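Student:
2 protein chains.
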Amino acid sequence: MAFVVATYRVEAARDSLEKIAEGIAIGLTVGSWTDLPATQQAEVASRCGSVEEIRVLEETSQGTLAEIKIGYPEENLTDSLASLLVTVFGKLSMDGNVRLQALEIPDSYRRRFPGPQFGAAGIRQLIGVERRPLIMSIFKSCNGQSLSELAHAFREQALGCVDYVKDDEIFFDESLAPSIERVRRYGEIAREVAEMTGQRTRYAVNLTGTLPELFEKAERLVEAGADALLLNVFAYGLDVLAALARNPNIKIPIFAHPAVSGAIYSSPRTGIAAPVLLGDLLRLAGADVVLYPSAYGSVTLDAETCRTLVERLRQPSDIHRSVLPGPAAGLHPGMVAQLYRDLQNECIMAAGGGIQGHPDGIAAGGRAFRQAIDAMEAGEQLEDAALRHRELARALQRWGVKA
Amino acid sequence: MAFVVATYRVEAARDSLEKIAEGIAIGLTVGSWTDLPATQQAEVASRCGSVEEIRVLEETSQGTLAEIKIGYPEENLTDSLASLLVTVFGKLSMDGNVRLQALEIPDSYRRRFPGPQFGAAGIRQLIGVERRPLIMSIFKSCNGQSLSELAHAFREQALGCVDYVKDDEIFFDESLAPSIERVRRYGEIAREVAEMTGQRTRYAVNLTGTLPELFEKAERLVEAGADALLLNVFAYGLDVLAALARNPNIKIPIFAHPAVSGAIYSSPRTGIAAPVLLGDLLRLAGADVVLYPSAYGSVTLDAETCRTLVERLRQPSDIHRSVLPGPAAGLHPGMVAQLYRDLQNECIMAAGGGIQGHPDGIAAGGRAFRQAIDAMEAGEQLEDAALRHRELARALQRWGVKA
C-alpha cells in the first residue's frame with residue numbers, strides 16, 4: 367500500500383508530541399479528535415494514517431519545535447488536489463500551531479495527476495531555444511488601457527527580443543481589450559516584429575472569468591492562437607489548473623502565477639511551506655512554468671526556500687516533466703549573475719519594471735536582459751559584457767550589479 | 367465610482383507608512399512597485415487605487431503597527447472572486463508583513479455575486495423549523511466503510527432527531543459508497559425514521575471529484591434528491607462555490623466547510639483574517655451555512671474573531687441573504703449555553719464526537735443536544751433541564767457544563 371507522507375512542524379510540549387502525532391494520523395483518516403471507540407474492521411484499519419517519525423528540532427520559548435511525519439494511505443485520496451489538501455491539511459490547518467513543511471508523493475499517486483504537459487524541455491522545444499535562460503517581460507498598467515495602447519506596449523516589449531510577454535496578473539477587466547482580441551492582435555505584432563528581429567515573442571494571456579465558463583474560454587483562446595495561459599492558481603484553485611492540464615484541447619503551456627499564495631506560506635509556524643505550495647502541488651497539478659518571488663528582488667523568498675522550491679520543480683521523475691522555474695518580482699539585468707549562479711540556464715527570468723524602466727525605453731530593457739544572459743552563457747562577467755553592449759551598460763548604471 | 371475598500375495591517379517604520387500605502391494603491395491597480403512614468407490618460411487615472419486612511423495602532427519591537435485602507439475601483443474587478451482576491455491581496459500577500467484584515471464591498475459590486483440562495487431564513491423555511499437553533503451531526507470514520515455500515519451510522523444519527531447529518535469533509539474515496547447511492551439510501555432511511563420520530567433528518571453530501579466534472583456531479587446529486595451540498599471551498603476555490611450558487615439547477619443549500627482556511631487565517635501578521643475569509647468572501651460566493659471553529663471546542667477561533675465573523679455573515683443587506691453560522695469542532699451539549707448566549711437561535715450547531723461519543727449511543731447524543739437547545743429556548747438552565755432528561759444528564763456527566 368502506498369502512502370502520501372506529510373511532514374509537519376509543530377511547536378508543543380515535548381511530552382505531548384506523540385499524542386499529537388497519533389491524533390493527526392487517526393483524526394485525518396478514520397476517526398476524530400475525540401475518543402470514539404475504534405472501529406475494528408480490517409478495511410477501516412487499512413485506511414488509518416501512520417506516524418512515520420517524530421523528530422525534535424529545538425527547544426523554544428513555547429515548548430519544543432518538532433517535525434512529525436504522517437503517512438496517509440493513498441486509498442483515502444482521489445484524483446483531485448482538493449482530496450490531497452483536505453486530507454493532509456484540512457482541519458489541521460486550523461489547529462493554530464502546525465505548518466505543513468514537506469510532502470512526499472508516491473509514484474502511484476503522482477500518476478493520477480497530469481503534471482506539466484510541456485515542462486522545461488517541452489517549452490524549449492516549442493519555442494526553439496536550446497540552451498540559454500528564457501526571458502519574460504511583464505505588462506504594466508493594463509487596467510484602463512485600450513487595445514491599441516496595449517498593442518503598442520506589446521510591440522515595444524517584442525522589440526526587446528524577449529521570449530514571452532505576460533499579462534499583469536491583476537488584469538481582469540476585459541471591457542476595453544478582450545483576451546481573444548489581445549491574443550490575435552499581439553500574435554500579428556509578434557510575427558511582424560520577428561521579421562525584423564528574427565526573434566518571435568510569445569504571449570501568455572491571463573485566463574480570467576467565472577467558472578465553469580473559464581474552461582470553455584481557455585479552449586477558445588487556444589483556438590485563437592494563444593501561446594500560453596497565465597493562471598492565478600491560488601485564486602482559482604489547484605483543481606482548476608489540473609483540469610486545464612488534463613484537457614487535450616489545451617495544447618499550450620500553462621504559467622502558474624503565485625498571487626495570493628503568500629497568504630498561505632508567509633508565516634513560519636502556520637500555513638504551508640512555499641516549496642510544497644509552489645513546488646510539489648503546482649507540478650502535480652500541471653504548471654509548465656512556476657513564477658515565484660526570487661531571493662533578490664522587491665518581494666522575496668529567502669535563498670534556502672528558493673533552493674528547495676526549485677529542487678521540487680526539477681526533482682527527477684519518470685512520471686512528471688520538470689517545471690521551468692520563473693523567478694520574478696523586481697528583477698533587473700544586474701541580478702542576472704546571481705540568478706544564473708542559482709538556476710543555471712534552466713529558468714525563465716520574468717521582469718516588469720526591470721525591463722520597462724530602462725532609461726532608453728522598453729525595447730532596450732529587453733535587449734539588456736538578453737545581453738546579460740548571453741554573457742552568462744559565454745562565461746563572461748556582466749561588467750565586461752557591458753563594455754560592448756550599450757543597453758546592458760545603461761541598465762547596470764541604472765540599477766547596479768548585485769553579487 | 368464605487369470602490370472596494372481593503373483594510374491591511376502592516377508593521378513597518380512609521381515614516382514609511384505613507385509610501386507603503388501609495389505603493390499598494392498604485393501597484394495593485396495601474397502600476398508596479400517600480401517608479402515607471404505615470405500614464406496620464408484620464409481612463410487610467412480612474413483605475414488607480416486610493417489611500418483612504420492610515421491609522422497607527424501601536425508601536426512594536428519591529429516598528430509601527432498600522433492599519434492602511436486602500437480603495438480599489440470596481441471597474442478593475444469582474445464577476446469572479448479571483449479578480450477580487452488577486453486585486454486586493456495577490457502580489458501583496460507575498461510582501462511578508464501585511465495582513466488583509468477587513469473588506470468593505472459596495473452594493474454595486476455585491477450585486478454581481480450570487481450570495482446565499484437560501485441563507486438562514488431560507489433553510490428554516492425549507493426544513494420547517496421556525497425558531498430554535500438547528501443541529502447538525504457529523505459522520506465519523508467514513509473512510510473504508512461500506513454503504514451499509516454508513517447507512518447504519520446515518521440511521522443512528524437520524525434517530526437522534528438532528529436536523530442535518532453531514533459527511534466528514536475528509537470523505538473523498540467513493541469506491542465503497544458512491545455519493546449518489548448515499549443520497550438515495552440515506553433519503554430512504556430519513557423518511558423511515560421520520561415516520562417513527564416525526565423529525566425528518568436531512569443529509570449534506572460532500573461534493574468531491576475533479577473539475578469541471580464536479581459541476582455536473584452536483585446537478586446529478588440534486589436530481590437524486592440531495593438535501594444539501596457540503597463543499598471544501600478553500601480546497602476547491604471560491605469561484606467553484608460561486609458557480610454552484612449561480613446554477614439555477616442547484617436548488618439546495620450549500621454548506622461551506624472551512625478545511626484548509628486555517629493555512630490562510632492563522633498568523634496574526636500575514637494572511638487573511640478569518641472574518642473576511644469565512645465571512646465576507648463565503649457570503650459573497652453563496653454559502654448558505656458557514657462552518658467554523660467555535661470559541662469553545664477542540665479547535666478554536668478566539669471569541670472576538672467569532673463575533674466579527676458572525677457579524678459579517680449576518681450584516682443586514684438588501685442584496686444578499688444572511689448566512690447561517692455553523693459553529694463546530696469539539697462541540698458537546700455542555701457548550702450549548704455558551705453558544706446560545708453568543709449566537710441566539712440563528713445558528714446550526716455541528717457536532718461529531720459530542721453526539722457520537724454519548725455514553726448511551728449516537729441517538730441519545732442527538733437527543734441530548736436537542737434537549738439542551740430546547741432548554742435554552744425555554745429560558746432554562748442546562749442543569750435544570752437535565753433533571754428531566756436522561757440523555758442530557760448523561761451528556762453533562764460525560765463532558766461537563768461550560769459557562
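Residue numbers (this note's numbering), protein chains in the order written: chain A, 367 to 769; chain B, 367 to 769.
Cβ coordinates follow ideal geometry from the N, Cα and C atoms, glycine included.
Quick caveat: nothing in here was measured; it's all calculated off a predicted structure.
1. With a CB to CB cut of under 6 Å and the five nearest residues on each side skipped, what residues in its chain are close to A:Leu648?
2. What did DSSP end up calling B:Ile685 once you bin it into helix, strand or coil?
3. I need the straight-line Cα distance from B:Leu758 to A:Leu604, nearest angstrom please.
4. Output yes if chain A places a C-beta closer than 7 Å to the C-beta of B:Asn615; else output no.
5. Run down chain B in chain order and give the residues with a C-beta less than 7 Å from the C-beta of A:Pro578.
6. Using a Cβ cut-off of 7 Å, pull out every chain A residue sitting near B:Gln511, in sequence order please.
7. For A:Trp399 and A:Ser474, what's the separation of their Cα atoms in angstroms?
8. Taking all protein chains shown into account, decide if A:Ala752 is buried (16 or more other Cβ within 10 angstroms of its Cβ) or exposed.
9. Measure from the alpha carbon of A:Cys527 to the alpha carbon of each residue in A:Gln511, A:Ile721 and A:Cys508, then state which is nearest.
10. Scan the region 629-682 of chain A and note each continuous alpha helix (DSSP H) run of 4 residues or more that stays entirely inside, going in chain order.
11. Thinking C-alpha only, which one of A:Leu451, A:Ser514, A:Ile616 and A:Leu516 is nearest A:Ala573?
12. Buried or exposed for B:Thr373, going by 16 or more other Cβ atoms inside 10 Å?
13. Taking C-beta pairs closer than 7 Å, name the residues in chain B that A:Ile638 reaches, listed in chain order.
14. Can you tell me where the beta strand (DSSP E) with A:Glu419 in it begins and where it stops?
15. Determine, using beta carbons only, whether B:Trp399 comes closer than 7 Å to chain A.
16. Which value, in whole angstroms, describes the spacing of the CA atoms of A:Gly628 and B:Asp740?
17. In the region 442-472 of chain A, which residues sit with their C-beta less than 7 Å from some C-beta in chain D, listed in chain order?
18. Anything in chain A within Cβ reach of B:Pro624, meaning under 8 Å, just list it in chain order.
19. Mapping the DSSP letters down to three states, classify B:Pro778 as helix, strand or coil.
20. Can you tell me the Cα-Cα spacing of A:Ser412 and A:Val371, whole angstroms?
21. What residues in its chain sit with their C-beta under 7 Å from that of B:Ile546, if we drop five residues either side in the sequence?
22. Tell me the DSSP secondary structure of B:Ile489 in three-state form.
23. Taking the alpha carbon of A:Asp326 as the reference point, which residue from A:Leu607, A:Ser446 and A:Ala408 has its own alpha carbon closest?
24. I need the straight-line Cα distance from B:Ser688 to B:Gly485, nearest angstrom please.
25. Give the range of the alpha helix (DSSP H) segment to which A:Ala611 is assigned.
26. Please work out which residues of its chain come closer than 6 Å, Cβ to Cβ, to B:Gly718, disregarding the five sequence neighbours upstream and downstream, and give them in chain order.
27. For A:Phe520, does the three-state DSSP call read helix, strand or coil?
28. Would you verify that the beta carbon of B:Ser774 is, or is not, closer than 7 Å to some beta carbon of chain A?
29. State buried or exposed for B:Gly723, treating a residue as buried only when at least 16 other CB atoms are found within 10 Å of its CB.
30. Give the residues of chain A in contact with B:Pro659, contact being defined as C-beta atoms less than 7 Å apart.
31. Near A:Glu418, what residues of its chain come up, given a Cβ to Cβ distance below 7 Å and the 5 sequence neighbours on each side ignored?
32. Would A:Arg521 be called buried (16 or more neighbouring beta carbons within 10 Å of its own) or exposed?
33. Give me the subset of the region 651-675 of chain B whose CB atoms are less than 7 Å from a CB atom of chain A, sorted by chain position.
34. So what does DSSP say about A:Gln565, is it helix, strand or coil?
35. Buried or exposed: where does A:Glu712 fall if 16 or more other Cβ atoms within 10 Å of its Cβ makes it buried?
36. Out of B:Ala570, B:Phe537 and B:Gly564, point me to the one whose CA is closest to B:Tyr552's CA.
Tutor: Taking the definition as stated:
1. Ala622 and Val656
2. coil
3. 44 Å
4. no
5. Pro578, Phe581 and Ala609
6. Val410
7. In this prediction, A:Trp399 scores a pLDDT of 39, lower than 50, which makes its location untrustworthy; no coordinate-derived value is stated.
8. buried
9. A:Ile721
10. 648-651 and 669-680
11. Just to set this straight, residue 573 of chain A is Leu in the shown sequence, not Ala. With distances taken between Cα atoms, A:Leu573 lies closest to A:Ile616.
12. buried
13. Ala629
14. Ser416 to Thr426
15. Interpretation of B:Trp399 is limited by its pLDDT of 39, a score under 50 that renders its predicted location unreliable; no figure is taken from the coordinates.
16. 45 Å
17. Annotation note: the requested chain D is absent from the structure, which comprises protein chains A and B.
18. Met460
19. The structure shown does not extend to residue 778 of chain B, since chain B spans only 367 to 769, so no value can be given for it.
20. 15 Å
21. Arg586, Leu587 and Ala590
22. helix
23. The requested residue 326 of chain A does not occur in the structure, where chain A is confined to residues 367 to 769.
24. 5 Å
25. Leu604 to Arg612
26. Ile504 and Lys506
27. helix
28. With chain B represented from 367 up to 769, any question about residue 774 of chain B goes unanswered, as that position is not in the structure.
29. buried
30. Met460
31. Val371, Lys435, Ile436 and Gly437
32. buried
33. Pro659, Ser664 and Val665
34. coil
35. buried
36. B:Ala570
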